[in-house]
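Asks: Per the working numbering, the sequence shown runs over residues 2 to 129.
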Amino acid sequence: MAELILKHKLKLAEIKGVRVSSAGLSATDGTKISQNSALALKQLGIKSSAFRSKFLTPEMCKKADLIICMTAMHKAVLAEYKNAYTVSEITGLGDIIDPYGKDLMTYVRTSHALLDACDIILEKLISD
């Protein structure tokens with residue numbers, strides 16, 4: 002959801018030249034977005050049917066200008082990469098917990114937390 006929300010916000014702000022991609026530490030390559038993620042995004046007016054998951058690789062980390070981890074635990078796994086930060090470090094909003102396997106309301110709450118985080122990230126992009 003984070004990738005699609007940030008891409009949506011960048012498009013609305015007419016910001017070009019920023020490439021956004023998400024990948025998971027436990028993701029399986031090529032999996033469709035979960036039903037609850039799709040429903041939560043649909044409530045925000047964001048289409049997700051083309052999205053496919055990716056497993057995070059060392060090559061991706063080395064090529065990235067910035068890696069935004071949703072939790073401190075994710076960052077700890079990626080400690081060797083100096084370009085890895087938590088969403089909390091960037092936004093001050095705290096960790097964003099993966100809603101995987103939870104009910105739709107949890108996904109909706111997560112999507113709203115991601116909206117807030119992406120707003121701050123967008124503001125920082127514009128001001129830099």
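Idealized CB from N, CA, C, for every residue including glycine.
May I ask which residues mark the beginning and end of the beta strand (DSSP E) holding A14?
Replies: In the DSSP assignment, A14 falls outside any beta strand (DSSP E), carrying neither H nor E.
Asks: Assuming A73 is part of the alpha helix (DSSP H), what are its boundary residues?
Replies: A73 to V78
Asks: Looking only at its own chain, which residues have a Cβ that is under 6 Å from the Cβ of I34, when we skip the five neighbours before and after it?
Replies: Cβ-Cβ distances below 6 Å link I34 to S49 and F52 in the same chain, with the five nearest sequence neighbours on each side left out; the list follows chain order.
Asks: Considering I121, what are the terminal residues of the alpha helix (DSSP H) in which it resides?
Replies: L105 to S128
Asks: Between S128 and A41, how many whole angstroms is the CB-CB distance? I'm expecting something under 8 Å.
Replies: Not confirmed; about 29 Å, so no contact.
Asks: Please list the terminal residues of the continuous alpha helix (DSSP H) segment that includes A39.
Replies: Q36 to Q44
Asks: Spatial neighbours of A73 within its chain, please: C-beta separation below 8 Å, excluding the five flanking residues on both sides.
Replies: T87, S89 and D96, listed in sequence order.
Asks: When you compare the CB positions of A39 and S23, do they come within less than 8 Å of one another, or not?
Replies: Contact: no.
Asks: Where does the unbroken alpha helix (DSSP H) through T87 begin, and where does it stop?
Replies: Here T87 belongs to no alpha helix (DSSP H); instead the beta strand (DSSP E) covers A85 to T87.
Asks: Please state whether DSSP places K64 in a helix, a strand or coil.
Replies: helix
Asks: Could you give the C-beta distance for C70 and L79, rounded to a whole number, given that I count them as a contact under 8 Å?
Replies: 6 Å
Asks: How would you call N37, buried or exposed, if buried means at least 16 neighbouring beta carbons within 10 angstroms?
Replies: So N37 counts as buried.
Asks: What's the gap between the Cα of D1 and the Cα of K8?
Replies: Since the first residue shown for the chain is 2 and the last is 129, residue 1 is missing from the structure and cannot be characterised.
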